[in-house]
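Please read the structure below before turning to the comments.
Protein chains: 2
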Amino acid sequence: MDAALKALAEPRRRAILRLVWSQELPATDIADTFADVSRPAISQHLAVLKDAKLVTERRDGTRRLYKANVDTMAQLRAFLDDYWTSGLERLRDVAEAAETRKRQTKGRK
Amino acid sequence: MDAALKALAEPRRRAILRLVWSQELPATDIADTFADVSRPAISQHLAVLKDAKLVTERRDGTRRLYKANVDTMAQLRAFLDDYWTSGLERLRDVAEAAETRKRQTKGRK
DNA sequence: ATCTTTCTTTAGTTGACACTTACGTAAGTC
DNA sequence: GACTTACGTAAGTGTCAACTAAAGAAAGAT
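Protein sequences appear in the order of chains S and E.
According to the numbering used here, the first sequence is numbered sequentially starting from 3.
According to the numbering used here, the second sequence is numbered sequentially starting from 3.
Shown next, in the form of structure tokens:
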């Protein structure tokens, strides 16, 4: 899940992911879209996306067809939604920990 | 906006951000929370978060109080929501571009 | 069997990033 | 003014990430 977020931090990978959003595409077609970058570079980006389970790979003869993995993206969205909304309970815990540590440095202020 | 996503890709920064989620905290308190990392490291993370406008800094005497910037986070959330849902129209454009480029390599298959 | 096409993998470079230690600075305290 | 508290900044290090060029590997086409 952490890998997914990290993968999405790269603009190029977001662009790639969007390409295979609603349709399968062979690696060449994806690479052709980016004129300023070599094909191996795209291949490596695809590997990262695949490791993060953001895309799936399907072999068809010599070609490899990529497609967005909607499941993972839904999970990631849920993770973020949880991140936005939660954290209030956990917050209190960490605040207490800091307070404790502060106390042993003698009460300041 | 891109900076915000990149900033969030780092787990430590997510933890920091969560700390100042609903309350202001001085840098020292934040740093104290992380025992395994030096204070300057946290200071640098805070700078990244500030550059990404994910937190705001307020000076109070010698102290600097940090707090999450809800506005930016709302924007980022909107950006992601747009990213999930949209991209269908844009997709067609890029597909066409790829198609054109393919055609000039002579029709394959 | 050889040659293409399609795509990955390897090797190597460059730059970015998280971190540390050491130092600087600014505001309060004595 | 000297000292402390609370922080940032500078400089240097190890690691990882993105890229390129060159070399595989694997399935068809001739």
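Using N, Cα and C, we set each Cβ at its ideal position, and we do this for glycine too.
Own chain partners of residue i with C-beta closer than 7 Å, once the 5 adjacent residues on each side are dropped
i, result
"residue 47 of chain S", "14, 15, 18"
"residue 21 of chain S", "27, 32, 35"
"residue 105 of chain S", "Low per-residue confidence applies at residue 105 of chain S: pLDDT is 45, beneath 50, and the placement is therefore not dependable enough to give any value."
"residue 65 of chain E", "28"
"residue 77 of chain E", "3"
Buried versus exposed, by CB contacts within 10 Å (16 or more), residue i
i, result
"residue 75 of chain E", "buried"
"residue 70 of chain S", "buried"
"residue 41 of chain S", "exposed"
Proximal residues to residue i (C-beta, below 8 Å), its chain only, five neighbours per side dropped
i, result
"residue 44 of chain E", "18, 29, 32, 33, 36"
"residue 25 of chain E", "69"
Supposed close pair residue i, residue j - CB separation, criterion 8 Å
i, j, result
"residue 56 of chain E", "residue 6 of chain E", "6 Å"
"residue 51 of chain S", "residue 60 of chain S", "With a Cβ gap of about 14 Å, residue 51 of chain S and residue 60 of chain S do not count as contacting."
"residue 79 of chain S", "residue 23 of chain E", "About 19 Å separates the two Cβ atoms, so there is no contact after all."
Close Cβ partners of residue i (< 6 Å) along its chain, the five nearest in sequence each way excluded
i, result
"residue 81 of chain S", "3"
"residue 58 of chain S", "69, 71"
Sub-8 Å separation of residue i and residue j beta-carbons
i, j, result
"residue 49 of chain E", "residue 9 of chain E", "no"
Original post:
For the region 6–61 of chain E, which segments carrying the alpha helix (DSSP H) assignment without a break, of at least 4 residues, lie completely within its bounds, in sequence order?
Top reply: 13–21, 29–35, 41–53
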